[in-house]
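Novice: Here the sequence shown stands for residues 0 to 345, numbered as in numbering that gives the first Met the number 0.
C-beta: ideal position from N, C-alpha, C; glycine also.
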Amino acid sequence: MDRHRDPTEKRRLNKYSKERGAVLNMKIKEIRLEELNPEKFITEKVAEIRSIVGDGLAVNALSGGVDSSAVTLLGHRALGDRFKTYFIDSGLMREGEPEHTVSLFNDIGVTVELVHAEDTFFGALSGRTDPEEKREAITQAFYRDVFGRLVRETDATHLLHGTNYTDVEETVAGIKRQHNILEQIGIDPQKAYGYKVIEPLIQLRKSAVRKIAISLGLPEEICNRPPFPGPALAARVIGEVTPKRVKIVRMATQIVEDQLSSTGAFQYLAILHEDRVTGVREGKRDYGLQIEVRCWESTDAKIGSPTRLSYDLLDPLAERLTTEVPGVVSVTYNITKKPPSTIEAI
Ligand code: XMP
Numbered sequence: 000m001d002r003h004r005d006p007t008e009k010r011r012l013n014k015y016s017k018e019r020g021a022v023l024n025m026k027i028k029e030i031r032l033e034e035l036n037p038e039k040f041i042t043e044k045v046a047e048i049r050s051i052v053g054d055g056l057a058v059n060a061l062s063g064g065v066d067s068s069a070v071t072l073l074g075h076r077a078l079g080d081r082f083k084t085y086f087i088d089s090g091l092m093r094e095g096e097p098e099h100t101v102s103l104f105n106d107i108g109v110t111v112e113l114v115h116a117e118d119t120f121f122g123a124l125s126g127r128t129d130p131e132e133k134r135e136a137i138t139q140a141f142y143r144d145v146f147g148r149l150v151r152e153t154d155a156t157h158l159l160h161g162t163n164y165t166d167v168e169e170t171v172a173g174i175k176r177q178h179n180i181l182e183q184i185g186i187d188p189q190k191a192y193g194y195k196v197i198e199p200l201i202q203l204r205k206s207a208v209r210k211i212a213i214s215l216g217l218p219e220e221i222c223n224r225p226p227f228p229g230p231a232l233a234a235r236v237i238g239e240v241t242p243k244r245v246k247i248v249r250m251a252t253q254i255v256e257d258q259l260s261s262t263g264a265f266q267y268l269a270i271l272h273e274d275r276v277t278g279v280r281e282g283k284r285d286y287g288l289q290i291e292v293r294c295w296e297s298t299d300a301k302i303g304s305p306t307r308l309s310y311d312l313l314d315p316l317a318e319r320l321t322t323e324v325p326g327v328v329s330v331t332y333n334i335t336k337k338p339p340s341t342i343e344a345i
């Protein structure tokens with residue numbers, strides 16, 4: 000494996016944390032990885048969920064990522080049959096992801112109901128090109144339209160959500176409005192959507208959530224899964240998010256994941272650009288699509304550096320993207336650090 004970590008990462012992380020600490024007025028206290036006792040944490044959270052929900056019913060959305068998977072098991076431990084888990088198919092997920100996640104959880108004894116909401120999400124995103132507006136549209140489609148309806152249908156009083164410490168930090172700092180942040184930006188879910196939100200993982204960063212997931216007995220595939228954003232492939236489409244454009248980025252994502260999973264990098268992704276560029280195919284001009292590839296070294300997504308990929312990895316990647324994804328004539332590899340870049344494109 001031809002990959003070298005950025006030697007300046009530790010220094011940059013310390014500097015970033017100090018600067019952020021100074022500007023952020025975080026009301027939530029982080030539980031650091033080294034101070035986390037997973038068994039104690041799980042026992043406390045299960046008791047807390049039971050006491051908050053009381054005799055009521057609660058629901059959650061499972062995406063198959065480590066955060067929502069851990070919340071799914073905590074909710075089931077706490078509430079048993081009074082907890083219902085849904086997989087919301089927004090039309091923005093990766094190839095085969097909805098069916099695979101539902102069957103993986105069925106195998107470990109957790110029933111997950113697949114909810115088709117593709118039209119709701121594409122309707123909300125139609126005509127929008129501004130990144131924050133797209134994020135806002137996804138939040139409303141998710142919390143107001145889809146969960147508002149599910150909560151009414153089931154008489155649930157609470158939604159359990161896998162919001163983690165980094166999600167809150169990025170939103171409070173004004174970097175990005177994470178799709179799952181409500182109260183920190185002034186939305187009262189009870190007033191706005193008719194249910195309360197419980198966020199059992201809010202004091203943990205991703206590495207600590209992975210430790211909880213292992214303790215809960217989740218399969219390795221879930222515990223070690225690279226992060227995937229709540230807004231899903233919409234976070235990787237620059238410009239309007241349409242079914243046609245999501246299909247392109249979905250194909251590119253599958254190729255990037257196939258080719259780069261062996262790197263063990265923190266996260267790797269494909270982005271579809273809005274600008275077209277002139278290319279040439281079969282001796283003729285082809286005004287085609289551009290895909291940008293990003294591959295990140297990071298420990299918790301707070302800061303990151305591009306993985307120093309070798310051309311032995313980059314060459315076949317470009318070859319597959321330009322031959323297997325219709326219309327792609329240009330593939331670029333992003334060499335920017337976070338900051339100033341962010342991990343996702345929107
Ligand atoms: P950014 O792009 O802000 O991403 O550098 C940091 C980490 O968070 C993920 N991400 C999200 N996760 N809801 C989430 O649950 C979101 O709205 C969201 N946006 C970004 C991203 O994949 C990376 O791991």
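Taking only beta-carbon atoms, is Tyr85 less than 8 Å away from chain B?
Specialist: Judged by its chain identifiers, the structure shown contains no chain B, having just a single protein chain.
Novice: Mind reading off the beta-carbon distance from Gly161 to Ala69? Whole number of angstroms is fine, and I expect it under 8 Å.
Specialist: Gly161 to Ala69, Cβ: 7 Å. Contact.
Novice: In the structure shown, what three-state DSSP assignment does Val328 receive?
Specialist: In this structure, Val328 counts as strand in the three-state DSSP scheme.
Novice: On a Cα-Cα basis, can you pick out the residue from Val328, Val324 and Phe121 that is closest to Gln253?
Specialist: Checked all of Val328, Val324 and Phe121; the closest Cα to Gln253 is Val324.
Novice: For the beta strand (DSSP E) containing Phe82, name the first residue and the last one.
Specialist: Its beta strand (DSSP E) spans residues Phe82 to Asp88.
Novice: Is it buried or exposed, Ala21, if we count other Cβ atoms within 10 angstroms and call 16 or more buried?
Specialist: In this prediction, Ala21 scores a pLDDT of 42, lower than 50, which makes its location untrustworthy; the coordinate-derived value is nonetheless stated afterwards. Label assigned to Ala21: exposed.
Novice: For Leu124, which of helix, strand or coil comes out of DSSP?
Specialist: Residue state, collapsed to three classes: helix.
Novice: From which residue to which residue does the alpha helix (DSSP H) around Gln253 run?
Specialist: Start and end: Pro242 to Leu259.
Novice: For the ligand XMP, is there any heavy atom lying closer than 7 Å to the beta carbon of Phe227?
Specialist: Yes - the ligand XMP has a heavy atom lying nearer than 7 Å to the Cβ of Phe227.
Novice: Is it true that the CB of Ile201 sits closer than 8 Å to the CB of Ile48?
Specialist: No, the pair does not count as a contact, with Cβ atoms beyond the cut-off.
Novice: At what residues does the beta strand (DSSP E) containing Leu313 begin and finish?
Specialist: Counting along the chain, Leu313 falls outside any beta strand (DSSP E), though it belongs to the alpha helix (DSSP H) covering Tyr310 to Glu323.
Novice: Ignore the nearest five residues each way along the sequence and tell me which others in Glu169's own chain have a CB closer than 7 Å to its CB.
Specialist: Excluding sequence neighbours, Glu169 sits near Lys175 and Gln177.
Novice: Determine the direct distance from the alpha carbon of Glu219 to that of Ile211, and round the result to whole angstroms.
Specialist: Going from the Cα of Ile211 to the Cα of Glu219 covers about 12 Å.
Novice: Going straight from the alpha carbon of Glu94 to that of Thr165, what length do you get?
Specialist: When rounded, the distance between both Cα atoms is 27 Å.
Novice: CB of Asp166 to nearest heavy atom of the ligand XMP: below 7 Å?
Specialist: Flag set: Cβ of Asp166 near the ligand XMP.
Novice: Please name the residue, chosen from Lys195, Ser125 and Leu32, that lies closest to Val236 on a Cα-to-Cα basis.
Specialist: Measuring from the Cα of Val236, the nearest candidate turns out to be Ser125.
Novice: Beta-carbon within less than 7 Å of Ala116's beta-carbon, same chain only, minus the 5 sequence neighbours each way: which residues are those?
Specialist: Result list for Ala116: Ile87, Asp88, Ser89 and Val145, in chain order.
Novice: Which residue wins for smallest C-alpha separation from Arg275, given the options Gln289, His99 and Thr42?
Specialist: Taking only the C-alpha atoms, the option nearest Arg275 is Gln289.
Novice: What I want to know is whether the C-beta of Thr128 ends up closer than 7 Å to one or more non-hydrogen atoms of the ligand XMP.
Specialist: Every heavy atom of the ligand XMP is 7 Å or more from the Cβ of Thr128, so no.
Novice: Taking Arg280 as the reference, which of Arg148, Ile51 and Ser329 has the closest Cα?
Specialist: When only C-alpha atoms are compared, the closest one is Ser329.
Novice: Taking the alpha-carbon positions, what's the Ile186 to Gly79 distance?
Specialist: Approximately 29 Å, taken between the alpha carbons.
Novice: Could you tell me which residues DSSP puts in a beta bridge with Val70?
Specialist: Per DSSP, none; premise fails for Val70.
Novice: CB of Glu169 to nearest heavy atom of the ligand GDP: below 7 Å?
Specialist: Summarising the ligand content, the structure contains the ligand XMP and does not contain the ligand GDP.
Novice: Confirm, please, whether the CB-CB distance from Lys44 to Pro188 is below 8 Å.
Specialist: Not closer than 8 Å, so no.
Novice: According to DSSP, simplified to helix, strand and coil, what is Thr277?
Specialist: Reduced to three states, the DSSP call for Thr277 is strand.
Novice: Please name the residue in Val327, Ala317, Ser304 and Ser309 whose C-alpha comes closest to that of Pro339.
Specialist: Nearest C-alpha to Pro339: Ser304.
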